Amino acid sequence: MTSKGKEENLLEIRDLYVRFHTLRGIVKAIDGVNLEVGYGEVLGLVGETGSGKTVTGLSILRLLEQNAEITGGEIIFQGKDLLKLPLKEILKIRGRDISMIFQEPKAALNPVMQVGDQVAESFLVHEDISKKEARERVLEIFRRVGLPDPERVYKSYPHELSGGMAQRVVISMALALKPKLLIADEPTSALDVTIQAQIMDLFRELINEMGTSVIYITHDMALAAEISDRIAVMYAGRIVEVAGTETIFENPLHPYTQGLLKSIPKPGYRGKLFSMEGEIPPLINPPSGCRFHPRCPKRFDPCDKEVPKLVEVEQGHKVACFLFGGVSR
Amino acid sequence: MDIREKIRGLVEYFRSEDFKITLILVRKSPLTILGLALTVFLVLVAVFAPLIAPYDPIKQDLKNRLQPPSWEHPFGTDQLGRDIFSRVVWGSRISLFIALIVVAISFTVGTTIGIISGYFGGKVDEVLMRITDMFMAFPRLVLALAVAAALGPGLFNTMLAIAFVSWVYYARLARASTLQIREEVYIEAARAIGASDRRILFLHVLPMVITPVIVQATLDMGGTILTAAGLGFLGLGVQPPTPEWGVMVSEGRRFITEQWWVSTFPGFAILLATLGFNLLGDGINDILNVRARR
Amino acid sequence: MDLKTYILRRLALMLFVLFGIIVITFIVSHVIPADPIGAILGPQAPPELVEKVRKEWGFDKPLPEQFVDYMVNLLHGNLGKSIRTNKPVAEDLMKFFPATIELATAAMIVAIAIGIPLGIISAVKKDKWPDHISRIFALMGVSMPVFWLGLILLFVLYYQLGIFPGPGRLDPGIEAPPRITGILTLDSLITGNFEAFTNAVWHLMLPSFVLGYYASASITRITRTSLLEVMTQDFIRTARAKGLSERVVLFRHALRNALIPTTTVIGMAYGSLLEGAILTETIFAWPGLGRYSTGAFLSVDFLAVMGSTLLIAVIYSVANLVVDILYAFLDPRIRYA
């Protein structure tokens, strides 16, 4: 799947800038992010905690907290800029055209409401059907996601479900109306490894069946690789590299990506574990120029003076690094 | 740590970012500042009462009874000719005194019992909790009234009665905090390296428990002033001629229709004093919450 | 565990609480006073009488035996005799407590009607003007001496401005309905006496507002805190992500969770209402437990004091029981405790 402009993209984020007003100062969380998601493709958005990947996801549906401010950019979805739409229109898109799921499945559900009713709510909000019909559709989708005894699950409360079951419920809720885009923010991080694998399988099945595009947000490169067609690597609020999954593993260009890949321990390896030196910078006072330069083993002259642009180095492979151009002029 | 180190530590704290943020938070909250101001004002009035009050609060002057507020008597005079302003000023001493003693006692006793109960658990905890349950089955004032009735009127008995009833709330609070902290990993770690229970209690548990309890104590100062005034109003607390605010409101009740000032000013003093502590306590609570959440 | 089992368990717990109340009242009445008999008979009693009563009532027996006697008496409804009214305390209490229940319940309605909406507004408009105003309003409520507020309002709104009726439950000219429950508003409704009903309600307004204001403060605070806390939780974000409007998120998801702690506070607030009743009934000439016990305190009518204390504690416990059951009904998680 290409990201180049010939085919229309389902979603395009252009020059997104987001900042947060906190007691300690202004946090420049997202600083010029550009991203595209094509029809039916899974884009893995990979980065460490604090890289801004969750904020990017939340910005698409305008679910950011009150102290957040989107100071620039566009998010084009089906020809419209989501950032400029009135709230009423966004409400129609949420849950129906674009859905989002989060990390802790049990916390994502209302503790005092039956889970079935919560999924039914998705139907009732966006479609004009009766409660009985909505209930039927919920039971149907519960069956589809592999929940045993759908009727009992319908009447259950979140604390009565296991983590895996809860996540299946959340997935049902998100995919109930067959959205075109699903934003999944670390959906399996809170689950046990065996459950994780099950959920990933379920995931793959469903999105293949429905042709949904996915932005799969995670800190785990390996996990992203399992499911993504393309991977975008994010660091300190900026995209540093984007490429097809295989390409990124075989030929990582950005020093950060290289460091990430080197950090994945290989089974059987007995030597010293690799770790990148330094830490994620505080985004109140980020480093000048390329935000990675303080930690970069390959830094040179322009790195602390200018911001490298995301430039296509080969077909479908973009990097933001002065080693590969990225100069604005 | 010796004194010099402690002072250095304190100075560093005042220069730290943490403290600066606390100051910003305080500044952002005008209500907290108001609370602080009112409380300080109350303390000053109480401390300097002899200098501020123009008249003797107890001396009667029947020729001047029930005079309306005037330049000589800003709050008017009561049914025995005493200057109400002076009485209100002196009353601040009494109210503050009662509040301080009662809160100090119930705070100390309650927190100690609560921490012991929460930390050691087991039978001790069970028994102590059942006891606090029994106390809490009564609305606070009601039980204080019964105890005050049993002990008889007077300043000392009033304080005893209120303290007797108040310690349970601190015990509960301290216990809840202790239970939370007990489960924290760093306590287990401390035990694993061989720290004694006493060391753990003083160094780790106490500092963490102190915070919510201090907030409660500040709010309780206000509550105690109200309770003491209530007891005074009902005739069970401090006895006349001692100028306690609640007693003054009660005495003025007969005259409310014509001489409204006799009851109004003491009651207003109660309001201001309690308000000050409540604002302060609320403010501290808010600030601690914001800091904890970050 | 389902709701029924929970209710049964809670009722069993209640018995234990009642026992605890009896123990404490015993301690306060028999153990704390230096001279219980002197306290009961009053300071004027001649010493021979005191000795006689001491033997008669078994105050010379060891403490555990006294406690058994006490319990037995209680179970027979014998709370002793009031030296003031010269009637059995139990009879007095029965006569006066419906008026207090009426007042406390009316005040509770006022407290909830003020407290919850104010708390919601405060949370939704956090740190803006409506929040500041309602917080100050609530703070004033909890800092003001109830008896003073009652006095002032009575003076201004009745005596000076004549808007509200004076002290008492009914105007002197109105015929009172026959006593069925003792609660005037109910009784007049049941017997179809609408004149008395409206008059009784009108009389109820000022005192229930004064009491209710005091109790509403804690309700406002907990609603605000609770709602603010709930709004930061994950499931609210999920609800928004489903495309629900902010209003639906607030009422259908947030409040259902946020009001749960409020229920507990309402139970506790009933306690402060009972306290407030003690302090204000005298001012409003309300013939309830408050006025009765105030009279008892002032004339050191010890047995009446103890009887009132006991009854009030029981009423408070029942209120908390109701609240706990309501809580379990609202929050399915708690039934598993």
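Residue numbers (numbering that gives the first Met the number 0), protein chains in the order written: chain A, 0 to 328; chain B, 0 to 293; chain C, 0 to 336.
Note that CB positions come from ideal geometry on N, CA and C, so glycine has one too.
Since the model is a prediction, treat every value here as computed from it, not as a measurement.
{"Check": "Residue range of the unbroken alpha helix (DSSP H) whose run includes residue 165 (chain B)", "Outcome": "154-181"}
{"Check": "Per-residue contacts from residue 293 (chain C) into chain B (C-beta, under 7 angstroms)", "Outcome": "233"}
{"Check": "Every unbroken alpha helix (DSSP H) within the region 33-74 of chain B, with a cutoff of 4 residues, ordered by chain", "Outcome": "48-51"}
{"Check": "Any chain C beta carbon closer than 7 angstroms to residue 3 (chain A)", "Outcome": "Reliability fails at residue 3 (chain A), whose pLDDT of 47 lies under 50, so the model's placement of it is uncertain and no value is given."}
{"Check": "CA nearest to the CA of residue 292 (chain A), picked from A:304, A:284, A:161", "Outcome": "A:304"}
{"Check": "Contact list for residue 216 (chain B) against chain C, beta-carbon separation under 7 angstroms", "Outcome": "Going along chain C, no residue has its Cβ under 7 angstroms from residue 216 (chain B), so there is no contact; the nearest lies around 16 angstroms."}
{"Check": "Neighbourhood of residue 226 (chain B) by C-beta distance below 8 angstroms, restricted to the same chain and skipping five residues each side", "Outcome": "139, 140, 143, 161"}
{"Check": "Through-space distance from residue 101 (chain B) to residue 204 (chain B), alpha-carbon basis", "Outcome": "24 angstroms"}
{"Check": "Element boundaries [alpha helix (DSSP H), containing residue 256 (chain C)]", "Outcome": "254-279"}
{"Check": "Residues that residue 243 (chain C) contacts on chain A, provided the C-beta gap is smaller than 7 angstroms", "Outcome": "124"}
{"Check": "Alpha carbon of residue 273 (chain A) to alpha carbon of residue 323 (chain A), nearest angstrom", "Outcome": "25 angstroms"}
{"Check": "Segment contact, 8 angstroms Cβ cut-off, at least three pairs: the region 194-208 of chain C with the region 166-177 of chain C", "Outcome": "yes"}
{"Check": "Residue 1 (chain A) (DSSP reduced to helix, strand or coil)", "Outcome": "In this prediction, residue 1 (chain A) has a pLDDT of 44, which is less than 50 and means its spatial position is unreliable; nothing more can be read from the coordinates."}
{"Check": "DSSP-derived helix/strand/coil call for residue 14 (chain A)", "Outcome": "strand"}
{"Check": "For residue 316 (chain A), the residue or residues it bridges with in DSSP", "Outcome": "A:313"}
{"Check": "Check whether residue 279 (chain B) and residue 38 (chain B) have beta carbons under 7 angstroms apart", "Outcome": "yes"}
{"Check": "Beta-carbon separation (whole angstroms), residue 221 (chain B) vs residue 142 (chain C), contact threshold 8 angstroms", "Outcome": "6 angstroms"}
{"Check": "is_contact[residue 234 (chain C), chain A] using C-beta, thresh 7 angstroms", "Outcome": "yes"}
{"Check": "Whether residue 235 (chain A) touches residue 280 (chain A) by CB criterion (7 angstroms)", "Outcome": "yes"}
{"Check": "Assigned secondary structure, residue 185 (chain A) (DSSP; H/G/I helix, E/B strand, else coil)", "Outcome": "coil"}
{"Check": "Cutoff 7 angstroms; reference residue 223 (chain A); Cβ partners in own chain excluding five residues on either side", "Outcome": "43, 45, 215, 217, 230"}
{"Check": "Rounded separation between residue 232 (chain A) and residue 238 (chain A) - CA only", "Outcome": "6 angstroms"}
{"Check": "Contact check, residue 282 (chain A) vs residue 67 (chain A), beta carbons under 7 angstroms", "Outcome": "no"}
{"Check": "Chain-order list of residues whose beta-carbon lies under 8 angstroms from that of residue 14 (chain A) (same chain, five-residue window excluded)", "Outcome": "31, 32, 33, 71, 72, 73"}
{"Check": "Short Cβ contact (7 angstroms threshold) for residue 30 (chain B) with residue 275 (chain B)", "Outcome": "no"}
{"Check": "Neighbour list for residue 252 (chain C) in chain A, Cβ cutoff strictly below 7 angstroms", "Outcome": "109"}
{"Check": "Amino acids of chain C, ordered along the chain, whose beta-carbon sits closer than 9 angstroms to that of residue 93 (chain A)", "Outcome": "239, 240, 241, 242, 243"}
{"Check": "Best match in C:212, C:146, C:222 for proximity to residue 115 (chain C) [C-alpha to C-alpha]", "Outcome": "C:222"}
{"Check": "Opening and closing residue of the alpha helix (DSSP H) in which residue 96 (chain A) lies", "Outcome": "Premise fails: residue 96 (chain A) is in no alpha helix (DSSP H) and is neither H nor E."}
{"Check": "Chain B contact for residue 147 (chain C) (CB, 7 angstroms cutoff)", "Outcome": "yes"}
{"Check": "Inter-residue spacing [alpha-carbon to alpha-carbon] between residue 50 (chain A) and residue 277 (chain A)", "Outcome": "15 angstroms"}
{"Check": "Alpha carbon of residue 52 (chain C) to alpha carbon of residue 17 (chain C), nearest angstrom", "Outcome": "28 angstroms"}
{"Check": "Under 9 angstroms from the C-beta of residue 248 (chain B): neighbouring residues of chain C", "Outcome": "144, 146, 147, 150"}
{"Check": "Exposure label - residue 35 (chain A); buried when at least 16 CB within 10 Å", "Outcome": "buried"}
{"Check": "Element boundaries [alpha helix (DSSP H), containing residue 199 (chain A)]", "Outcome": "192-209"}
{"Check": "Contact with chain B by residue 288 (chain C), beta-carbon distance below 7 angstroms", "Outcome": "no"}
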